[in-house]
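**Student:**
4 protein chains.
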Amino acid sequence: MGKEGLRYAAKVDLEKPAAEQPQLHNRWHPDVPFAGKIKNNEVVKIQCVDWTGGQIGNNDSANDVRDVDLTKIHYLTGPFEIETAEPGDILLVEIQDVQPLQDQPWGFTGVFPKTNGGGFLDELYPDAAKAIWDFEGIFCSSRHIPGVRFAGLIHPGILGCAPSAEILAEWNRREAELITACAHLDRDVAIPPTPQNVHAGSADAAIKEKVGREGARTIPGRPEHGGNCDIKNLSRGSKVYLPVHVQGAKFSVGDLHFSQGDGEISFCGAIEMAGEITLKFSVMKGGMSKLGLKSPIYMPGPVEPQFGPGRYIYFEGFSVDEHGKQHYMDATVAYRQTCLRAIEYLRRFGYDDYQIYLLLSCAPVQGHLAGMVDIPNACTTLGVPMDIFEFDISPGAEVKKLDLGCCAKAS
Amino acid sequence: MGKEGLRYAAKVDLEKPAAEQPQLHNRWHPDVPFAGKIKNNEVVKIQCVDWTGGQIGNNDSANDVRDVDLTKIHYLTGPFEIETAEPGDILLVEIQDVQPLQDQPWGFTGVFPKTNGGGFLDELYPDAAKAIWDFEGIFCSSRHIPGVRFAGLIHPGILGCAPSAEILAEWNRREAELITACAHLDRDVAIPPTPQNVHAGSADAAIKEKVGREGARTIPGRPEHGGNCDIKNLSRGSKVYLPVHVQGAKFSVGDLHFSQGDGEISFCGAIEMAGEITLKFSVMKGGMSKLGLKSPIYMPGPVEPQFGPGRYIYFEGFSVDEHGKQHYMDATVAYRQTCLRAIEYLRRFGYDDYQIYLLLSCAPVQGHLAGMVDIPNACTTLGVPMDIFEFDISPGAEVKKLDLGCCAKAS
Amino acid sequence: MGKEGLRYAAKVDLEKPAAEQPQLHNRWHPDVPFAGKIKNNEVVKIQCVDWTGGQIGNNDSANDVRDVDLTKIHYLTGPFEIETAEPGDILLVEIQDVQPLQDQPWGFTGVFPKTNGGGFLDELYPDAAKAIWDFEGIFCSSRHIPGVRFAGLIHPGILGCAPSAEILAEWNRREAELITACAHLDRDVAIPPTPQNVHAGSADAAIKEKVGREGARTIPGRPEHGGNCDIKNLSRGSKVYLPVHVQGAKFSVGDLHFSQGDGEISFCGAIEMAGEITLKFSVMKGGMSKLGLKSPIYMPGPVEPQFGPGRYIYFEGFSVDEHGKQHYMDATVAYRQTCLRAIEYLRRFGYDDYQIYLLLSCAPVQGHLAGMVDIPNACTTLGVPMDIFEFDISPGAEVKKLDLGCCAKAS
Amino acid sequence: MGKEGLRYAAKVDLEKPAAEQPQLHNRWHPDVPFAGKIKNNEVVKIQCVDWTGGQIGNNDSANDVRDVDLTKIHYLTGPFEIETAEPGDILLVEIQDVQPLQDQPWGFTGVFPKTNGGGFLDELYPDAAKAIWDFEGIFCSSRHIPGVRFAGLIHPGILGCAPSAEILAEWNRREAELITACAHLDRDVAIPPTPQNVHAGSADAAIKEKVGREGARTIPGRPEHGGNCDIKNLSRGSKVYLPVHVQGAKFSVGDLHFSQGDGEISFCGAIEMAGEITLKFSVMKGGMSKLGLKSPIYMPGPVEPQFGPGRYIYFEGFSVDEHGKQHYMDATVAYRQTCLRAIEYLRRFGYDDYQIYLLLSCAPVQGHLAGMVDIPNACTTLGVPMDIFEFDISPGAEVKKLDLGCCAKAS
């Protein structure tokens, strides 16, 4: 190997709008042109912009979160042609490292307003809020949420291979069906294709128009390819097995997170950052049928932060909502209640609810589906590691309400 | 302490019907008489019958599961009077040990038929099935699911303090409301009070009648007191903080599990057993307001089986069901899909689907709420520890379909 | 399996002197008669007396430790005939559980006086001391060392198969050589065979005399068979591979420990107890040559107490002794210094040095051979888990000297 | 913080001899001039050359290891002036990250010949050998030791503050005493000061002469300040508490390791590399007496690679050497035997002994002081993680002798 470093399959330029960089794109579509070629079994580095393409600043106002343009997000790097990959294969991707960009050692977590993106608890917390996180090696801390500091479980929020035309059509069919069925609700339930601010990489005008018309938005993860799965443990050392649906795989990656909690509850809930990722690509011929895979699987790496099982406080929640309404085995309702229980507990120490909402989104909290069969109550749990706090939050500790400031708010 | 062993606060007699033992009961109701008294800060042992009160046999037929009488289950030991405990207090219970009964070193896992109890995947797996597990110290294995063996994450499925009359009334109100709202569905969505086979401990006829009329069934966990939360990690060494709603707490415990997976998906999904539990009770005066608790919290013990993060295969699932229907952020649908992905993967080794369904219910699998904000797809994950298998199930291993027999079925 | 519990291969009677129980013995010798037979692949329970055969009482004086008769210790249960085992085989023993005897939920840790047994730090701490530990499920605590409480890493101190006559002769040769070479020292360096208080199980007088004359004392572990290896992690779930040197293996076990630290530094440093162990025996034919084994190997179980790597304070020690003398790469000297550094640190909280010496012996401390090549200084480390203390011992905590009483001393 | 990256307190130039770079030095002496200033509570990056100052090449010959000039090694970066630090203080150093240099993604492990450095097993393995390791993110693998791959437990081998003149004099006194006492041995037991190839940073000729005459060699760690402690777990996230002996602390760091096993047995046994380290410095005023510290202590970070306790094979060794000689409680002899047991086990798979010797030096193996009181046998254990191998090395696996090539040898 000699004295050479690893090859960059793509770099990004933070000084230039993401929309003008041809190695980026913001739709899932089989016709987005390749942004480069990667050999089977090659290891490369790939740079990525942050989730918002640079819309959020390192400052103390959440106006930028409030006003974020959601048509200009999720710029992915790629798609890359993986040599020898064909439909039916599995692309085995080993995540060998993830790092923030050396010159930008900070990231952000945002609560999006209910009227512009929303989040898991937006009925109760409808306003914009933000926390800036400073990175110091493997650790991060925030002037907006004093009293916590932790090692990041660093990972990509989004990675996957492009859908085939057939799969894309199916996505559009079923999501449109949901939108139609929920037309009476006062909230977006899915986001259909739109030409507005479409970025199709280096595509010519005709293809770009087609991608805008048909291309799947990158917000949801989808079973056929993974995509924006936002799995906090897909971190350094993980191996992920991705179904291949088109010739050359058309692999893309983006939305790097310095850390995230299970659920990523505030929507822009991870610590979002620009960064670079080191990946090894290997093609398993015929892997989908060999492994019986319809969706990605993964195996975590060995270096996850370890606190010891006894260093967590677990909150329990059930599918009875805050209005006393009994829901039937609804794990989504239960997890919302679980999160509220954690907020009620932690606010005793002097935190503002939005600070905790942000913290539960991005710290390495464990969300479990504990009991899913005891009708009518689904039971979920949320484990908060005590050791990320600089003071004692254990149930036995005496509570002294501290002055813990507040997170960035909108004016 | 001298040469003395710990005091038994209650024992059970496996030769006698549970319904005839006055230290047991099967309803949550404030009027069930005390079964004994425990001092503040005392450590005691408590014996419990299995979940079904002995209806299931150590044999190779699932007829007993198919025909189980669901009005004769969940016999809890208690309720115990905890000295000094009053409404508004927290009862801190430390689980110092859980063991199967010395003379009955086996347990069972059942798939209940859709027509009698059902389970998480009963649309696809509607029939009765059963596996018997033999215990060898901390390990268990089953003649009905060859090729696996693991250390149990042993724990009580149910523990909690009795509801007050007001809380009980609220439970009955909201669950009745659900039953009414779902009257058009062809399945039970909740189980209302019933005098049939009520067991109110040592209560006289009048109180027994009242308990039968009003008493909450023990199947669901409920936010106000925990109850049947079925949390697999509430194991040896855990501390659980339980709200107290009546004078003396009226603490009950039962439904001991040798092991369980997140979700306990086959309903009688844990490895159910008769056993004994060692508990320490401490009263935190005014603890509910001091800790801001509306539901129990707990801290796990230090001795959970550890496999290393890289020894799990994680399956991903999304809220698109097996008919291609898109659901809106439904973690319950997503987790069902996640479980199906694991079944598809594991059946390649020669297991029958029911064997895997049983195994995912009782082995220490990790179910996570990975992403809960990327509309319309909730993403959940299920981690299966590779080291419970006696052969290599990793994605890189060559699959040789083995002859792995089958679980117990109904005739 | 039905309703049956496991078979006891041997029980002990705590009311009767160990020397009068024929299923016990206190020498390693091939001629000690079999105490029972165990099938290949059988699982059995075996009871054991404590290390001293009951010489130590649950009281507040260390006179019993001071006066212990060291010719009446280490009564092992066995030897057992393992069907099909022959010289050259490996006996695979799986430790499925270890428990204290139900009626004797306590144990002890002792510092032996320099004049009667001594210990690792006896130059500095020459007097007798003792701590009694009470067991509460998986936890233990001591009235003699307040402020600590931990889950035991429960294990057998001694297990192994009998030596052949040839191996026994080699043990006697090399240990006698050491005794001769060190005759000028004022301390015992090894303990030769002696007929005094020999217990050869059910042997007749002639064999008993021979065993007394030749039989190896059980104090040291020895490479050819393991024996008293005192490995703290050989706990529940471990598999140990033991060389077989005689027909039927002649397996013995004893010296059960509720917990021990690396080094077991105070000699009787573990928490010694009477108890029972559940073992599975499997014979690997020709295993010694197949595995290339000259000494036992083992694989720990999955349920060791886990504190998280960041919950330890590690002390460093080097091979420069307390008199300022430089030793050459001597890990024994280095580890002694490392232990002294921990004592100096912990005495600030109010502990008496003997309390800490006892605690470091029996709590789950980690002793590592960190650097063994940087002449002239071997470097060893000792990790003390912070979470066994009920107060904060971290370097950042403010120290308040507490009244922590004292351990049992001799009068 | 804005868009700025962290400040470099010092960089290195790999194209230039280490001896010509004034921010490096290779002696511990209070008079080496400061190489820069660091504020209290500041976070900085510091670059370091490799252990040999670039003497070892990325090639397939061990001639460079055989011929290494041991007077030209251990160039440390520093010493740095830490503002406000004074004798008696503690310098708290948090290791926030360690990385190889971006352009040099490889390192090496060497067996030094007995005649030039030697190692822990040089009586048995006297020749030079080498393995080159390629880094891929957090992982490393070697063409010279096929079949293994692991995540590095990356750390600095050397860090510490300069000795005072008094402490330095004491080091020289006691090491000279050892040299004198061992003059009859045919091996170096310690390395006295020498002017040969001394590098005293930016010192003028007079000071350089003094440093050469008096300065302590950097090979051994020493109790008063740590130095070359070679503790494998002093990795990312660790906090180390270093005694301060001179005004401004004069902190130095070097000898970065991508990975190391307990003992670092082949001398140049870690995976040596050039790299950069991110450190935070905080001064604890009067910390030495407050904490009762005579030697450094440290607390590991939360991100150590985790394999699960059951994924290790532990080898046992005792203080009886390979000639059958019984040593008295000698942990150094015992650990040497333990390492030999591992070599015998692993050679069955096709490895050459030197390959295993190299591997045990640099892979994350666990070396424990298991039993230190059972006269005459010290017992140590060595845990080898099975998951670093690409094939099954468990005792139950069938052994197929593979063609595993060989490591680099000298011509």
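Protein chains in written order, with the numbering used here: chain A, 1 to 411; chain B, 412 to 822; chain C, 823 to 1233; chain D, 1234 to 1644.
Ideal Cβ positions, reconstructed from N, Cα and C, are used throughout, including at glycine.
Counting only the same chain and skipping the five closest in sequence on each side, list residues whose C-beta sits under 6 Å from that of B/E683.
**Tutor:** D461, W462, G518, F519
**Student:** Residues of chain B with a CB under 7 Å from the CB of A/A162: which are they?
**Tutor:** The contacting residues do not exist; A/A162 stays about 17 Å from chain B at best.
**Student:** List, in chain order, every chain A residue whose beta-carbon is nearer than 7 Å to that of C/P1131.
**Tutor:** The contacting residues are Q306.
**Student:** At least one CB of chain D closer than 7 Å to the CB of A/R236: is that the case?
**Tutor:** Answer yes: the Cβ-Cβ gap between A/R236 and chain D drops below 7 Å somewhere.
**Student:** Beta-carbon within less than 6 Å of B/N788's beta-carbon, same chain only, minus the 5 sequence neighbours each way: which residues are those?
**Tutor:** Cβ within range, chain order: F729, S730.
**Student:** Need the endpoints of the beta strand (DSSP E) that C/R829 sits in, please.
**Tutor:** 829-832
**Student:** Does the beta carbon of D/I1271 come closer than 7 Å to any beta carbon on chain G?
**Tutor:** The chain inventory of the structure shown lacks chain G, comprising the protein chains A, B, C and D.
**Student:** So C/Y1136 is in the beta strand (DSSP E); what residue range does that whole segment cover?
**Tutor:** 1134-1140
**Student:** Report the three-state DSSP secondary structure of D/A1409 (helix, strand or coil).
**Tutor:** helix
**Student:** Kindly list the residues whose CB is nearer than 7 Å to the CB of A/L92, restricted to its own chain and excluding five residues on each side of it in sequence; keep chain order.
**Tutor:** K239, Y241, S282, M284
**Student:** Name the one or two DSSP bridge partners that D/S1435 has.
**Tutor:** Answer is none; D/S1435 lacks a bridge partner.
**Student:** Hey, is the stretch 1355-1368 of chain D in contact with the stretch 1208-1218 of chain C, meaning 3+ C-beta pairs nearer than 8 Å?
**Tutor:** no
**Student:** Per DSSP, D/S1515 forms a beta bridge with which residues?
**Tutor:** Per DSSP, D/L1325.
**Student:** Taking all protein chains shown into account, decide if A/T77 is buried (16 or more other Cβ within 10 angstroms of its Cβ) or exposed.
**Tutor:** buried
**Student:** How big is the Cα-Cα spacing for D/N1296 and C/M1194?
**Tutor:** 24 Å
**Student:** By the DSSP assignment, the alpha helix (DSSP H) with B/L481 in it spans what residues?
**Tutor:** Run containing B/L481: none; DSSP gives neither H nor E here.
**Student:** Beta-carbon of D/G1235 versus every beta-carbon of chain C: anything under 7 Å?
**Tutor:** In this prediction, D/G1235 has a pLDDT of 46, which is less than 50 and means its spatial position is unreliable; what the coordinates show is noted afterwards. Cβ-Cβ to chain C under 7 Å: no for D/G1235.
**Student:** Beta-carbon separation of B/V655 and B/A496 under 7 Å?
**Tutor:** yes
**Student:** Can you find a C-beta in chain C that's less than 7 Å from the C-beta of D/S1485?
**Tutor:** no
**Student:** Determine which residues of the stretch 1333-1348 of chain D have a Cβ less than 7 Å from any Cβ of chain A, and write them out in chain order.
**Tutor:** Q1335, D1336, Q1337, P1338, W1339
**Student:** Roughly how many angstroms lie between the CA atoms of B/P823 and C/A1192, to the nearest whole one?
**Tutor:** Past the edges of chain B, shown from 412 to 822, lies residue 823 of chain B, and the structure says nothing about it.
**Student:** Quick check on this structure: which residue in B/G530, B/L702, B/D615 has the alpha carbon closest to the alpha carbon of A/E398?
**Tutor:** B/L702
**Student:** Closest by CA to C/G1076, which one among C/G1218, C/A1232, C/G1048?
**Tutor:** C/G1048
**Student:** Against chain A, which members of the stretch 1365-1378 of chain D pass a CB distance test of less than 7 Å?
**Tutor:** D1367, E1369, G1370, I1371, F1372
**Student:** Consider the Cβ of B/I724: report whether some Cβ of chain A lies at a distance smaller than 7 Å.
**Tutor:** Closer than 7 Å: yes.
**Student:** Taking a contact to mean a Cβ-Cβ separation below 7 Å, would you say B/F561 touches B/A819 in this structure?
**Tutor:** no
**Student:** When the distance is taken between beta carbons, is C/N1019 closer than 7 Å to D/D1607?
**Tutor:** no
**Student:** If contact is defined by three or more beta carbon pairs under 8 Å, each pair taking one atom from either stretch, is the stretch 875-884 of chain C in contact with the stretch 1040-1047 of chain C?
**Tutor:** no
**Student:** When the Cα of D/G1352 is compared with those of D/L1579, D/R1581, D/R1569, D/K1633, which residue comes out closest?
**Tutor:** D/R1569
**Student:** Whole angstroms is fine: what's the gap from A/G157's alpha carbon to A/S252's?
**Tutor:** Near 11 Å, if we compare the C-alpha coordinates of A/S252 and A/G157.
**Student:** Can you pull the chain A residues whose beta carbon is under 7 Å from the beta carbon of D/G1238, in chain order?
**Tutor:** Q102, D103, P105
**Student:** Helix, strand or coil for C/M1208, going by three-state DSSP, please let me know.
**Tutor:** Judged by DSSP in its simplified three-state form, C/M1208 adopts helix.
**Student:** Following the continuous beta strand (DSSP E) through A/S142, name the residue where it begins and the one where it ends.
**Tutor:** DSSP places A/S142 in the uninterrupted beta strand (DSSP E) bounded by 139-142.
**Student:** Measuring only the C-alpha atoms, how far is D/I1412 from C/H1079?
**Tutor:** A direct Cα-Cα distance of roughly 43 Å separates D/I1412 from C/H1079.
**Student:** Can you check whether the C-beta of C/N1050 is within less than 7 Å of a C-beta belonging to chain D?
**Tutor:** yes
**Student:** When the Cα of D/C1281 is compared with those of D/P1396, D/N1466, D/I1510, which residue comes out closest?
**Tutor:** Ranking the options by Cα distance to D/C1281, first place goes to D/I1510.
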